[in-house]
Amino acid sequence: MENKILIIGAGLGGLALAQGLVKAGFDVTVFERDESPIKRAQGYRISIRTLGMKALAALLTPEKMNRLSLAKISDVGDGFTCANEKMEPFFSVPQGQDAAVQFLRSELRSLLQEGINIQWNKRLVRFEDNGNQVIVYFEDGSVAIGGLLIGCDGGRSIVRELLSSVYGRYDQVKNF
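Residue numbers for the sequence shown, in our numbering: 35 to 210.
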């Protein structure tokens with residue numbers, strides 16, 4: 035039971051994490067509130083820079099990385115500049131140092147789902163941590179037990195919301 039990992043959220047982050055954990059030998063189950071993998075649109079394209087591709091290479095098997103490279107839509111280019119709300123640059127990566135590759139989000143998500151135990155239509159209601167195991171309760175009345183619960187359920191995370199009642203809420207993230 036101690037190596038059973040429960041992940042809430044089957045978005046790109048939760049699925050990529052699950053791939054890496056499965057590759058490392060852990061027993062992983064992902065729980066997703068959507069009824070099916072095609073319940074809602076997953077966006078159009080995603081650009082992944084060099085560091086992101088290196089991270090995916092560490093998480094995925096060589097066979098999946100090869101298939102991912104074949105799913106590439108285009109090379110986006112390299113180099114970028116970050117600017118503040120007044121469009122004043124505050125950080126740059128010069129040309130030739132950080133290329134990006136584009137994929138269809140739906141294809142990347144589909145590849146990341148392969149080989150992962152995903153339970154669909156599972157809306158988290160609450161969980162209990164008794165120090166030895168985590169017991170997770172879902173809206174449909176089902177229960178899952180594991181050694182670790184990881185929240186990958188996005189910006190309106192129910193895992194974070196449930197934890198904030200215990201640990202308080204940190205809300206200092208700023209985006210431009």
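By construction, the Cβ of each residue, glycine as well, lies at the ideal position given by its N, Cα and C atoms. Keep in mind the model is a prediction, meaning the values are calculated, not measured.
What is the C-beta distance between residue 185 and residue 194, in whole angstroms, given that I count them as a contact (C-beta under 8 Å)? Position 151 of the sequence shown, counted from the start, is the residue given in the question as residue 185. Position 160 of the sequence shown, counted from the start, is the residue given in the question as residue 194. Sure, about 6 Å apart at Cβ, within 8 Å.
I'd like to confirm something about residue 185: is its beta-carbon nearer than 8 Å to some heavy atom of the ligand HEM, or not? The ligand HEM is not among the ligands present in this structure, which contains no ligands whatsoever.
What residue does the alpha helix (DSSP H) around residue 143 start on, and which one ends it? As a working mapping, residue 143 is identified with position 109 in the sequence shown. Its alpha helix (DSSP H) spans residues 139 to 147.
Along the beta strand (DSSP E) that carries residue 153, what are the first and last residues, could you check? Taking the sequence shown and counting its residues from 1, the one referred to as residue 153 is at position 119. 151 to 153 is the span of the beta strand (DSSP E), which, as asked, contains residue 153.
From what residue to what residue does the beta strand (DSSP E) around residue 182 run? On the sequence shown, residue 182 is found 148 positions in, with the first residue counted as 1. Per DSSP, residue 182 belongs to the beta strand (DSSP E) from 182 to 185.
Limits of the alpha helix (DSSP H) - the one that residue 84 falls within: On the sequence shown, position 50 is the one that residue 84 refers to. Per DSSP, residue 84 belongs to the alpha helix (DSSP H) from 84 to 93.
Select from 163, 190, 140, 135 the residue whose C-alpha is nearest the C-alpha of residue 40. For the purposes of this step, residue 40 is identified with residue 6 of the sequence shown, where counting begins at 1. Comparing Cα-Cα distances from residue 40 to each of 163, 190, 140, 135, the minimum goes to 163.
First and last residue of the beta strand (DSSP E) that includes residue 162? As a first step, residue 162 is located in the sequence shown; it is residue number 128 there, counting from the start. It spans 158 to 163 - the beta strand (DSSP E) in which residue 162 sits, taken as one unbroken run.
Looking only at its own chain, which residues have a Cβ that is under 8 Å from the Cβ of residue 141, when we skip the five neighbours before and after it? One-based indexing of the sequence shown puts residue 141 at position 107. Closer than 8 Å at Cβ, skipping near neighbours: 105.
Whole angstroms is fine: what's the gap from residue 47's alpha carbon to residue 37's? Counting from 1 along the sequence shown, the entry for residue 47 is found at position 13. Counting from 1 along the sequence shown, the entry for residue 37 is found at position 3. Looking at the two C-alpha atoms, the distance is approximately 20 Å.
DSSP three-state call for residue 224: helix, strand or coil? The structure shown does not extend to residue 224, since the chain spans only 35 to 210, so no value can be given for it.
N- and C-terminal bounds of the alpha helix (DSSP H) containing residue 98: Your numbering for residue 98 matches position 64 in the sequence shown. Start and end: 96 to 104.
Taking only three categories from DSSP, how would you classify residue 117? For the purposes of this step, residue 117 is taken as the residue at position 83 of the sequence shown. Of the three classes helix, strand and coil, the one that applies to residue 117 here is strand, per DSSP.
Reducing DSSP to helix, strand and coil, say where residue 38 ends up. On the sequence shown, residue 38 is found 4 positions in, with the first residue counted as 1. The answer is strand: DSSP assigns residue 38 an E or B state.
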